[in-house]
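To start, the structure itself, in structure tokens.
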Amino acid sequence: MSAPAKPPLFTIPPAAPADPESSVWPLWVVYLAGVLSGAVIFLEAMRPSAAEVPTLTIAAVIGFGVFGAACAWLLSRISSFRTVAVGTRWLALCWGAFAAIGYPLLANRAIRDHFAARGDGESWVLLTPFTEEPAKLLGIVVVLLLAATRPRSALDGLVTGSFVGLGFEVVENVARSINNAITSYPPGQRDNLGSLAVDLLHEIVRGSWSGHIVITGIAGFGVGYAMTVRDRSAAARWGVATFLVALAVAGHLLWNSHRFGALYVLGQLGLFIFFLWLIRVGRRAEAEIYLPYLGYVTPSVVDVEHRRSRSRRRATSELALAIGTGDAQRAHRCVQRLVGDGAG
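According to our numbering, the sequence shown is numbered sequentially starting from 255.
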């Protein structure tokens, strides 16, 4: 009878040094001020409309909340090795839901009123990408800098950006559903769920793959690329970041235009395909970081990774996280669990 397998002893490079607390507090001030004041601006603006259709408002929050939870689950599974921390995901969601909504709302109203005074009540929507995208971009940068674990690859930026976009999209859809009901039905008939069902179907079928989740994820990949890539010059890194941010703005502009016929649909489909391609590129870059350290693990343990066992997948994920954060003791415990599963 052979002796039970023992995991190899190995060391792991230390985690990226944390920023001193004294250099982080200004970011927290920016974050909290943006989220809290943005929430006040948005809620105060929506209060009269929500009071007019209370049943629809509650149903919209629940319906789009469930949709957002499903999207969050999918986004959390993008990474093959380590997922962006839960706290970081919540920071991104809250920024997108409030800070990136509130202040652009003030700007968009001023732009709309200016165009309305000139007799043009529609063209103002073409300027909203230039108010909303900078607000979301600022959130991506702030959240990545506040993250407990520094971003290791551009994929961290993509996931963070997508969560910012998800928060924005969910809140925007709730507000749009309320406004659609008020503008489409006469007084006394507005608080019904018919228009909400149409809005939910529209978001699930069309908006989920061509809206803020995708375009903000593309911008986030650019930010993550600029922050994490070390084998390219600063000019090359920021050139890529600038291009991807500009592409996100262009995608938002296309979404709001409704004026380009087939290009309108093909352009959005192209952005979604490009988003999926960025995920593939990010996973390859992530593998270059983590796979060399998994070489410390015996082949039998690596084979276990490919078996359909929830506990083994969880242990492998924890091993990758331990490698990423430099926690050698936790990594060794994960290897012990994997070897035990493999021996069994």
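We treat Cβ as the ideally placed atom computed from N, Cα and C, and that holds for glycine.
Do residue j and residue i come within 8 angstroms of each other at the CB atom, strictly closer than that value?
| i | j | result |
| --- | --- | --- |
| Val-499 | Leu-391 | yes |
| Ala-354 | Val-418 | yes |
| Glu-572 | Ser-407 | no |
| Ala-599 | Thr-337 | Because residue 599 is not part of the residues shown, which for the chain are 255 to 598, the question remains open. |
| Leu-345 | Leu-400 | yes |
| Ile-472 | Phe-422 | no |
| Gly-411 | Phe-475 | yes |
| Leu-409 | Arg-537 | yes |
| Ser-511 | Leu-380 | yes |
| Ile-469 | Leu-525 | yes |
| Leu-523 | Ser-416 | no |
| Val-396 | Leu-281 | yes |
Using alpha carbons as the reference points, say which of the options lies closest to residue i.
| i | options | result |
| --- | --- | --- |
| Ala-451 | Trp-282, Gly-317, Ala-488 and Ile-472 | Gly-317 |
| Thr-382 | Ile-295, Arg-404 and Gly-356 | Gly-356 |
| Thr-414 | Ile-543, Gly-448 and Ile-533 | Ile-533 |
| Ile-467 | Ala-489, Ala-488, Gly-448 and Val-425 | Val-425 |
| Val-519 | Gly-461, Arg-491, Val-315 and Ser-334 | Gly-461 |
| Ala-324 | Leu-420, Gly-521 and Ala-495 | Leu-420 |
On the criterion of 16 or more Cβ atoms from any shown chain inside 10 Å, does residue i qualify as buried, or is it exposed?
| i | result |
| --- | --- |
| Arg-562 | Because the pLDDT of Arg-562 is 43, which lies under 50, any placement of that residue in the model is unreliable, and the question is left without a value. |
| Ala-272 | Residue placement at Ala-272 is flagged as unreliable, the pLDDT there being 47, under the threshold of 50; the coordinate-derived value follows with that caveat. With fewer than 16 other Cβ atoms within 10 Å, it is exposed. |
| Leu-298 | Residue 298 is actually Glu in this sequence, not Leu. Label assigned to Glu-298: exposed. |
| Trp-509 | buried |
| Ser-276 | Here Ser-276 scores only 49 on pLDDT, less than 50, and its place in the model is too uncertain to base an answer on. |
| Gly-292 | buried |
| Ile-312 | exposed |
| Thr-342 | buried |
| His-560 | Since pLDDT at His-560 reaches only 47, below the 50 mark, its modelled position is unreliable, and the value read off the structure follows with that caveat. Label assigned to His-560: exposed. |
If we count Cβ pairs, one from each stretch, closer than 8 angstroms, do we get three or more for the stretch 349 to 359 versus the stretch 288 to 304?
-> yes
Evaluate the contact criterion for the stretch 438 to 445 versus the stretch 468 to 484: three or more CB pairs, one atom per stretch, below 8 angstroms.
-> Taking a contact to require three or more Cβ pairs closer than 8 angstroms, the stretch 438 to 445 and the stretch 468 to 484 do not qualify as touching.
Given 8 angstroms, three or more beta-carbon pairs between the stretch 500 to 511 and the stretch 426 to 435 | no
For the stretch 290 to 321, which segments carrying the alpha helix (DSSP H) assignment without a break, of at least 4 residues, lie completely within its bounds, in sequence order?
-> none
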